[in-house]
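So the structure is just underneath, and the comments pick up after that.
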Amino acid sequence: MKKEGNILVALSSEHATPSAVQAMLLELDINTPTDKGALVVDHFNYDSTSASEQHDVLLLPFPAALRPDVKNYFAGEGYIAVPRAVCQTLGNESPLLSPILRAPSTAYSYNPKDEAEGVEDPFAVGGQLNLVSAMQANNAARLTVVGSAEMLQNKWFAEKAKLGDKAITTANRDFAQKLSAWTFKETGVLKVGKFLHYQDEGASKKMNTSVAIPENNPTIYRIKSDVHFQVEISEYMNDHLAPFVPSPNDNIQLEFSMLSPFQRLNLSPISQTANATIFGVGFKTPDQHGIFNFRINYRRPFVTNIDEKRQVTVRHFAHDEWPRSWQISGAWVWIGGIWVTILGWLAFVALWLYSAPSEKSVKKTQ
Amino acid sequence: MRVLHGFVSSLFLSGATIVSAASSWSFEDATVSVSSKGAGVGGGSKDKLSPSTPLQNSISLGATDTLKLLLTTAEGSTAKRPHQAFLTLADPTTGLEESFVLNVKDSGKAKVDLSHKDLPHQFLTCEKPIAASIVIASFGSSAPYKNKVFDLAITRDPNVPLGIPEPPVRYAAETEIHHIFREDPKSPPKLITIVFAAAVAGALPVLLGVWATLGANAGHLSKALGNATISHGLFYGSILAMEGIFFLYYTSWNLFQTLPAAAVVGFVAFLSGSRALTEVQERRLAELR
Amino acid sequence: MAAAVEDGQFLKQATGRNTRGLLRVIILCLIAGAAVSSRLFSVIRFESIIHEFDPWFNFRATKYLVQNGFYSFWDWFDDRTWHPLGRVTGGTLYPGLMVTSGAIYHLLRALAMPVDIRNICVLLAPAFSGLTAFATYLLTSEMVPSPSAGLLAAAFMGITPGYISRSVAGSYDNEAIAIFLLVFTFFLWIKAVKNGSMFWGALAALFYGYMVSAWGGYVFITNLLPLHAFVLICMGRYSPRLYVSYTSWYALGTLASMQIPFVGFLPIRSSEHMSALGVFGLLQLVAFVDWVRAQLPGKQFQMLLRALVLAVFVIGVGGLVLLTVSGVIAPWTGRFYSLWDTGYAKIHIPIIASVSEHQPTAWPAFFFDLSMMIWLFPAGVYMCFRTLTDEQVFIVIYAVLASYFAGVMVRLMLTLTPIVCVASAMAFSQILDTYLDAKTPKPATENASADTASVAAAAVLPDGLRSTRNPIVGIYSYASKVTVVGASAVYLLLFVLHCTWVTSNAYSSPSVVLASKLPDGSQHIIDDYREAYYWLRQNTPQNAKIMSWWDYGYQIGGMADRPTLVDNNTWNNTHIATVGKAMSSREEVSYPIMRQHEVDYVLVVFGGLLGYSGDDINKFLWMVRIAEGIWPDEVKERNFFTPRGEYRVDEEATPTMKASLMYKMSYYNYNALFPAGQAQDRVRGARLPAQGPELSTIEEAFTSENWIIRIYKVKDLDNFGRDHQSAVSFDKGHKKKRSTKRKGPRVLRVE
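Chains as they are written, first to last, in full-length UniProt numbering: chain A, 1 to 366; chain B, 1 to 289; chain C, 1 to 751.
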């Protein structure tokens, strides 16, 4: 259905949503009301110029960040007018979905035909009701559902409106521009540059190992060796690559994993180049040999996924990499025993060969 | 999503500007009662609600309890049915909201029943009391009403497990994991090691001493060398060399350096040894040993 | 060849000593030649290819050794098996075989004869079988004075199917060199015991060390030599010769065996090796007592000493038990237990029981592998009882132990074969020596020439049992001579015929390539394995992880050169059980397991189309059992049997069976080959359900010509975060049902 393609779906309460589109959205766990004409009203935040009676043109500020650790790509000044919107609700299970613009807590969706008198069973109410929602698939293809096609029309780009008794100008142009920029991958696109890991020779001085190790990105490490890891990440901003700065409460994490992560470490920015931030961390390989992955799995709402893996082998100590026996104090007894045996043997051979018989000679049975 | 709360208060002022907005929505005769199953008619609590000030105490709702809210909606002072009459619960910590629709008659009489099975599971596990507010609004210009009326404390039986689904996956940073390394093997205290090593090393002089008391000597050295100089020299030399090779293998050599050297030395030891040992045997046969 | 031996017999009587020696050398060379050439059937019938399973690993390891040198082989960490655990291969294998062929490879290169390492590996086993024949000759010659017995034994050893089964060209396994080492070590040991020589003892230790480096079966030597020594002591045959040979063998041999990383400290830490240590201690004690007794001749002292020996022995055994219980000494391993109790493995360690080599031997196998020697063998052993010198005691012990082990485990037939050859050659040569004597025995010449003949005749004639009378016996009639010799010759010819037939028909199949006969009698080669492995090799990324049952791990590693999850080195039972669980569970359960292990492809062997019975559905119960051993709650063997206790794959198969990944993978799309409702499994003779299984988390990638190998690709996560079942059903046009009625509270989305 989608090979990295991006889709912007605009719904309108004036036309019934085609059932194919509905089914498609449902498959993605985005629910839309089935009845034709269902729309969102809010008796608290409506435009009293154009919808003083119907209350179906909502005036909303720009959305805040979804969570404190998520970057906000839709921030702006002013109010967005959302006329006659079809709402969507998102299933709770999928992490791929995220709301962009949510209705205020007093909003609800109703069907003007059936529920003219009073709302009895609203499709959704309050913050659960999304006016604009987004889905980013695992391959980073993006789908944006806009509840109100009208809000993208020229008519509403900078229209005079009144919220209560406050006269304002809608900022739909700004929002629409941000929305389309995000949907068509002009913002929130991350790019991984150089992926680098290398052994830190300084801390664990290698002994005479028989395996030659290349300088950068070796395919094999030894257990308990110090490893440094670096990655360049840049973010595409409309027309250029810029250094990526994650949200202040967020961290890019490196996992060093075999079946399950043995190390999961926050990467800290080391330096910046013209269009990338270099993140890095140093750690010690675990004391378990096996086939590990350096993995950066950075998935956050609104930014494209980074899932980079580099497979490396972590081998055991080679036979000549253990501490030598004289470095182990517990072995001195045995080393002493060996020397005593050697010297005793040499002395014995000498005696056997050269000893003259005394009055009662040492008789060895052979 | 909760940024909009601030607007609510300002909205009360908005009514004045609109011509027909002489009135605003509100409610009257509101009572909230909690009755538990099996507790009888008089059981449970009953409180009167006022539109302007919330209840001081929070209302607690047990697992088998049913909360019943009765009120009359009014536009201005006349009882009337609004388009929107909600009881909105908001979790103060997560900000999660859910509204329950009041069943309103044309006369403005409204009621809603609430029990545990109506609540989303997120509310059931809520620690703090949930803020419950009433929203009454409709089309037209009448000022809508929204105010917090009471706090709802959810109590539940800790013994009854809740069928809470797994928290869904959300993409966010996870907790760090640091590998815990196994401890390195430890050597015993050095003092003990040294004592034992000394004891082992001390065995050599003892051995030599015992041999000496038994009459060991090197008296035949000259005789042996005289009889077979080269083979004796080579034999003892090759034994020494073999130990040297072992030592080199221990310290620096690898197997492929060791094996040829050991082979050469072993060969020399074999050749010279048979000569040297023959000489020793001759001495023995000559009753010199 | 038997004819050649008989020639030797004839000529021996007439010619001089040097000629006889030369003849013996020539005969031995001929025997070696026959031994080698009869093992080349597999190369002629098929091609120069590595056989079976384990040899593929040995071959791969050898290539690694040759390419990377000895030390990196020693420290080899193999990241292409047991993904993602890896295997410390250098420390967990017996390197003797690889080092041997590596040394041969470099030697031949040094001699300016560059030979492909594969050909060395293929031909190593036949080459060593020639050496085995020679070693058998030496061993037998130590037992009886008659050299004809040695030559016969060598000939037997050269062509007996029991040994050929593990040493045809291409069967590049540890046993290929280990049997030679086994026999040769025994020869050196006998030599050492006879001579009381430190030199032979040291040589025995050296070859014992080599043996340890080559095969896990070295434990047989480790226990047999002490047992021999122990029996000799118990028979009151202690002598300084025994002391010297045993102590020099034990001290040096133990040191040598500890040099192998895989063995390490086992010789002093595990129960299997304790008998050798115990006998070593006992010998010291006996030697000490012997010395003391020589100093103090007194009856009460001897009583005291005997009590002392007994007390020390009891204390020693008690200490051993105590140490085993406390865990200092590793208890017996499971493989060892299964030697004493054949049912043990099936209950406790299914992974061992699942190997066909570890099954108890069927009786016909003895006749199949040993032919006429099976009835000559007891005669030979009986003859040993009659004289019962130190070395013949050894034969008796060896015969008893090896017979028992061969009965318990099929593959230990291999250890029985040498002693059977030796013993039956002794018996046979007695007959021949007696009856081929052209001279009519005369009392005067008896001592000079017919010494052996009299002994042999005594074996044949009941009168001879009373050897104290020392009667003049012999064969006087030419008729009886001709009859017996003729019958023997016929037997020998039959033996040769049998061996050749068995070798060419039963033991020469590489099992990588299957052969079948077409109706017109011509041979048809079924090459599905290689077809599939080369498909993997050429169509998958270098690091694509392949999941299959462990039987095929070595072959995938060797032929397809792809990382595998489990292989024939079954060191990690849990990991194998994980694969077993993935195979025997529902797709929804298997998929996370496969994702976690980064599996890219799954390979199954399916014989239903061709009637190839060694397929995965027939092995499936072992997978279930092994998985059940680790996850008894999630995998249950009972659920794979119908209520009537049948294991079925047809319409009446249990739901668990039908839902299991293995079943689905085996029969996926199999219906399409047949008219509707006619799908037939030719191995199990079952008609399959009309509706074939459906797969959602994996997709078919490759199926070989005869459907023996089927390869499936594991799908990536669904792009839209759905589970695969719903994704597949959506793609088929089923829309997700909207739940019209809302029950209970709303589900709120939290961020």
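Ideal Cβ placement from N, Cα and C applies to all residues, glycine included.
Cutting at 7 Å between CB atoms, please list the residues of its own chain near residue i, excluding the five before and the five after it.
i        : result
B/Leu102 : Ala85, Phe86, Leu87, Ala110, Lys111 and Val112
A/Glu359 : Note that A/Glu359 has pLDDT 49, beneath the 50 cutoff, so the model's placement of it is unreliable and the number below is only indicative. Once the five neighbours on either side are set aside, A/Glu359 has no close Cβ partner at all.
A/Phe195 : Val231, Glu308 and Arg310
Considering just the uninterrupted stretch of the alpha helix (DSSP H) at residue i, what are its terminal residues?
i        : result
C/Phe128 : Ile117 to Met143
C/Pro378 : Met373 to Thr387
B/Leu240 : Thr229 to Thr251
C/Lys481 : Tyr478 to Asn505
B/Glu282 : Leu255 to Leu285
C/Asn223 : Tyr218 to Cys234
C/Phe57  : Asp54 to Asn68
C/Lys619 : Asp616 to Ile630
Compute the Euclidean distance between the alpha carbons of residue i and residue j, then round it to the nearest angstrom.
i                      : j        : result
residue 755 of chain C : A/Gln199 : Coverage of chain C is limited to positions 1 through 751, which leaves residue 755 of chain C absent and any answer about it impossible.
A/Ser234               : A/Phe262 : 27 Å
C/Leu621               : C/Asp650 : 16 Å
C/Ala701               : C/Leu536 : 10 Å
B/Pro158               : C/Arg682 : 59 Å
B/Ala224               : B/Ala216 : 16 Å
A/Glu93                : C/Ile49  : 54 Å
B/Phe270               : A/Phe294 : 58 Å
C/Val604               : C/Thr89  : 26 Å
C/Phe46                : C/Val512 : 10 Å
B/Arg284               : A/Leu353 : 11 Å
C/Val482               : C/Ala379 : 21 Å
A/Ile213               : A/Ile220 : With a pLDDT of 47 at A/Ile213, under the threshold of 50, the predicted position of this residue should be treated as unreliable, though the coordinate-derived value follows. Cα-Cα distance, rounded: 8 Å.
A/Ile168               : A/Leu97  : 31 Å
A/Ala350               : C/Met559 : 59 Å
Are residue i and residue j close, meaning C-beta to C-beta below 8 Å?
i        : j        : result
C/Leu285 : C/Val328 : no
A/Asp42  : A/Ala85  : no
A/Trp156 : A/Pro61  : no
C/Leu182 : C/Thr417 : no
A/Lys71  : A/Ser268 : no
C/Cys121 : C/Phe59  : yes
Near residue i, what residues of its chain come up, given a Cβ to Cβ distance below 6 Å and the 5 sequence neighbours on each side ignored?
i        : result
C/Ile179 : Thr132
A/Ser50  : Val57
C/His83  : Lys545, Pro563 and Leu565
A/Val303 : Gly188 and Leu190
C/Met98  : Ala61, Thr62 and Leu65
Can you find the residues in the same chain that come closer than 8 Å, C-beta to C-beta, to residue i, ignoring five residues on each side of it along the sequence?
i        : result
C/Thr503 : Ser38, Arg39, Phe41, Ile159, Pro161, Ile164 and Val168
A/Gln288 : Ile223, Met258, Phe262 and Val314
Name the two residues that bound the continuous beta strand (DSSP E) containing residue i.
i        : result
A/His240 : His240 to Pro243
A/Ile296 : Gly290 to Arg300
C/Phe702 : Ile698 to Thr703
B/Ile154 : Tyr145 to Ile154
C/Leu111 : Where C/Leu111 is concerned, there is no enclosing beta strand (DSSP E), given that its DSSP letter is neither H nor E.
Count Cβ pairs between the segment 711 to 726 of chain C and the segment 134 to 147 of chain A that sit closer than 8 Å; are there 3 or more? With the cut-off at 8 Å, the segment 711 to 726 of chain C and the segment 134 to 147 of chain A touch.
Are the segment 62 to 77 of chain C and the segment 577 to 586 of chain C in contact at 8 Å, needing three or more beta carbon pairs? Proximity of the segment 62 to 77 of chain C to the segment 577 to 586 of chain C falls short of the contact definition, fewer than three beta-carbon pairs being nearer than 8 Å.
Contact between the segment 584 to 591 of chain C and the segment 108 to 121 of chain C (3+ Cβ pairs under 8 Å): The answer is no - the segment 108 to 121 of chain C does not touch the segment 584 to 591 of chain C, with fewer than three Cβ pairs under 8 Å.
Are three or more beta carbon pairs between the segment 327 to 340 of chain A and the segment 190 to 201 of chain B nearer than 8 Å? Flag = yes, the segment 327 to 340 of chain A and the segment 190 to 201 of chain B touch.
Can you find at least 3 beta carbon pairs, one from the segment 521 to 529 of chain C and one from the segment 701 to 718 of chain C, that sit closer than 8 Å? The segment 521 to 529 of chain C, when compared against the segment 701 to 718 of chain C, does touch it at the 8 Å Cβ threshold.
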